[in-house]
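Data first, discussion second: the structure below is written as structure tokens.
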Amino acid sequence: MDIFLLILGLILCLTGLIGSFTPVIPGPLSSWLGILIIHFTSYMPFNNNLIIITFLIAFIVFLLDVFIPVIGLQKLGGSKNGLIGATIGLFIGLFIGGPFGLILGAFLGAFSGELIDKSNFKMALKPALGTFIGLAVGTALKFLISTVFLGIYFYKVYTIILA
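To convert a position in the sequence shown, counted from 1, into my numbering, add 41.
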């Protein structure tokens, strides 16, 4: 059973890395589930404080990922149409171009929505750039946290193998 839990934990940590680039999979939360699962193996329990702290980090990053693009859009004068366009572009971009299509799709969607709302190229470009920057920052943050969680997983496995 422990081997199964180790493999499942690794799969979840790797899923978290993939989830860093997709809106469908919550990256850091998936990676945290991988850490939680190996906590329940007979030879790899973590300190409960580590489990709680890593959960809080994963949850905060999850929330930030939802709000950072919206904040970027609003701070730079974005409208509801820009937000709707960014959301639609996000999903279309995911299916067309993977991670890069995701960011480009969100930018083009926000730009299109803002262009409909403002009818001015320059005024529409500024909030669209805010959305792009927000998505890029959110993606980088999710990837960083998921990578750290994967590192914790490998460190724990490595220490058990050497013990």
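Where a beta carbon is used, it is the ideal one built from N, C-alpha and C, also for glycine.
Please state the DSSP three-state secondary structure of V65.
If you number the sequence shown from 1, residue 65 lands on position 24. In the structure shown, the three-state DSSP call for V65 is coil.
Which residue from G192, I201, F184, F162 puts its Cα closest to that of G57?
Within the sequence shown, numbered from 1, the residue matching residue 57 stands at position 16. The candidate whose alpha carbon is nearest that of G57 is F184.
With the cut-off set at 8 Å, would you say S71 and L53 are in Cβ contact?
The residue you call residue 71 lines up with position 30 of the sequence shown. The residue you call residue 53 lines up with position 12 of the sequence shown. It is a contact, given that the beta carbons lie within the stated cut-off.
For the alpha helix (DSSP H) holding T82, just list the boundary residues, first then last.
To locate residue 82, count along the sequence shown from 1; it is residue 41. Where T82 is concerned, there is no enclosing alpha helix (DSSP H), given that its DSSP letter is neither H nor E.
Inter-residue Cα distance where the pair is I202 and H80:
Your numbering for residue 202 matches position 161 in the sequence shown. Your numbering for residue 80 matches position 39 in the sequence shown. Cα to Cα, the separation comes out at about 16 Å.
Using only the alpha-carbon positions, how far apart do L74 and I112 sit?
If you number the sequence shown from 1, residue 74 lands on position 33. If you number the sequence shown from 1, residue 112 lands on position 71. Here the alpha carbons of I112 and L74 stand approximately 28 Å from one another.
For T200, count neighbouring C-beta atoms within 10 Å of its own C-beta (all shown protein chains included) and say buried if the count is 16 or more, exposed if not.
The residue you call residue 200 lines up with position 159 of the sequence shown. Only exposed fits T200, as fewer than 16 other CB atoms lie within 10 angstroms of its CB.
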